[in-house]
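Read through the structure below, which is laid out as structure tokens, and then see the notes.
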Amino acid sequence: DAGVIQSPRHEVTEMGQEVTLRCKPISGHNSLFWYRQTMMRGLELLIYFNNNVPIDDSGMPEDRFSAKMPNASFSTLKIQPSEPRDSAVYFCASSFSAGKNGYTFGSGTRLTVV
Amino acid sequence: ILNVEQSPQSLHVQEGDSTNFTCSFPSSNFYALHWYRWETAKSPEALFVMTLNGDEKKKGRISATLNTKEGYSYLYIKGSQPEDSATYLCASMEYGNKLVFGAGTILRVKS
Chain A
70 DAGVIQSPRH
80 EVTEMGQEVT
90 LRCKPISGHN
100 SLFWYRQTMM
110 RGLELLIYFN
120 NNVPIDDSGM
130 PEDRFSAKMP
140 NASFSTLKIQ
150 PSEPRDSAVY
160 FCASSFSAGK
170 NGYTFGSGTR
180 LTVV
Chain D
100 ILNVEQSPQS
110 LHVQEGDSTN
120 FTCSFPSSNF
130 YALHWYRWET
140 AKSPEALFVM
150 TLNGDEKKKG
160 RISATLNTKE
170 GYSYLYIKGS
180 QPEDSATYLC
190 ASMEYGNKLV
200 FGAGTILRVK
210 S
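So the protein sequences, as listed, match chains A and D.
The first sequence runs 70 to 183 under our numbering.
The second sequence runs 100 to 210 under our numbering.
Here you go:
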């Protein structure tokens, strides 16, 4: 298995532009999580899905952030419009059966908004 | 809000030293405790998942214990090696809820 695949690895965009981050979870995993990592706040959970259904999006900072999971093998996190304070590393993770074997993280997308 | 705290924030040890870190979490409504190892420029990698009070898990030179009644977990590394240098994250989960991470302990092992 190739693990959790995220794209792009790096994204540099101008303030106000739309940004879309992509994630392909491990096949067979039924939970998917989007985390944001910053120096100030560490790893914060933004949203998670169980069986493609959003369960808790209380960590999504503002209405500018949205996430979808149209099927079991794909999820997107969109920021529109982006702002410089959104600059961070965004991780996607997936797990099976409430994570009893832990979460598997992707390599992350480093987003820079200038 | 679930608050997970880790100490120390960072640790520098010599090769061959044994070391340990602490993770504290709210003990009420506890479901599971995870430990992850996070190397620079990589993604977090699961080390252990523990659920039962008194659980002890081991992987090579690394082991962990869990006390759910008092809300803490220890991670031990025996005979630290330079390749053990990483950030060690713990994360706690309540029933029906999400995994909340601590800020991590940064370990640097000097050869």
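In this text, a Cβ means the ideal position worked out from N, Cα and C, and glycines have one as well.
- Your pair A/Ser100 and A/Phe118 checks out as a contact, with CB atoms roughly 7 Å apart and the cut at 8 Å.
- The Cβ of D/Pro143 sits closer than 9 Å to at least one Cβ of chain A.
- Listed by position along chain A, the residues whose Cβ is nearer than 8 Å to that of D/Leu198 are Phe102, Leu114, Gly168 and Tyr172.
- Judged by DSSP in its simplified three-state form, A/Gly97 adopts coil rather than helix or strand.
- For the C-beta of D/Gly203, the chain A residues within less than 8 Å are, from N- to C-terminus, Gly111.
- A/Asp132 counts as exposed, since fewer than 16 other beta carbons sit within 10 angstroms of its beta carbon.
- The beta carbons of D/Thr204 and D/Ser142 sit no closer together than 9 Å.
- Distance from the CA atom of D/His133 to the CA atom of D/Ala190, rounded to whole angstroms, is 5 Å.
- A Cβ-Cβ distance of about 12 Å is found for the pair A/Pro77 and A/Thr181, leaving them out of contact under the 8 Å criterion.
- Three or more Cβ pairs drawn from the segment 133-151 of chain A and the segment 86-96 of chain A lie within less than 8 Å of each other, which places the two stretches in contact.
- Using beta-carbon distances, A/Tyr159 does not count as an interface residue toward chain D, since no partner is under 9 Å.
- In the three-state reduction of the DSSP assignment, A/Pro77 falls in the coil class, being assigned neither a helical nor a strand state.
- Inclusion of D/Leu198 and D/Ala131 in the CB contact set at 9 Å is warranted, their separation being smaller than that value.
- Excluding five sequence positions before and after D/Thr118, the CB atoms of its chain that fall closer than 8 Å to its own CB belong to Leu110, Val112, Tyr175, Ile176, Ser179 and Leu206, given in chain order.
- With respect to chain D, the C-beta atom of A/Ser176 has a partner C-beta closer than 9 Å.
- Around the beta carbon of A/Thr173, 16 or more other beta carbons lie within 10 angstroms, which makes this residue buried.
- Taking all protein chains in view, the Cβ of A/Pro94 is crowded by 16 or more other Cβ atoms within 10 Å, so the residue is classified as buried.
- Within the DSSP secondary-structure output, A/Asn119 pairs in a beta bridge with A/Ser100 and A/Val122.
- No Cβ-Cβ contact shorter than 9 Å links A/Leu114 with A/Phe134.
- Remark: C-beta atoms of A/Ala136 and A/Asp125 do not approach each other more closely than 9 Å.
- Your pair D/Val148 and D/Phe124 does not check out as a contact, with CB atoms roughly 14 Å apart and the cut at 8 Å.
- In summary, the residues of the segment 115-139 of chain A whose CB is separated from some CB of chain D by less than 7 Å are Tyr117 and Asp125, in the order they occur in the chain.
- Put simply, of D/Glu182, D/Asn166 and D/Leu165 the residue whose alpha carbon is nearest the alpha carbon of D/Arg136 is D/Glu182.
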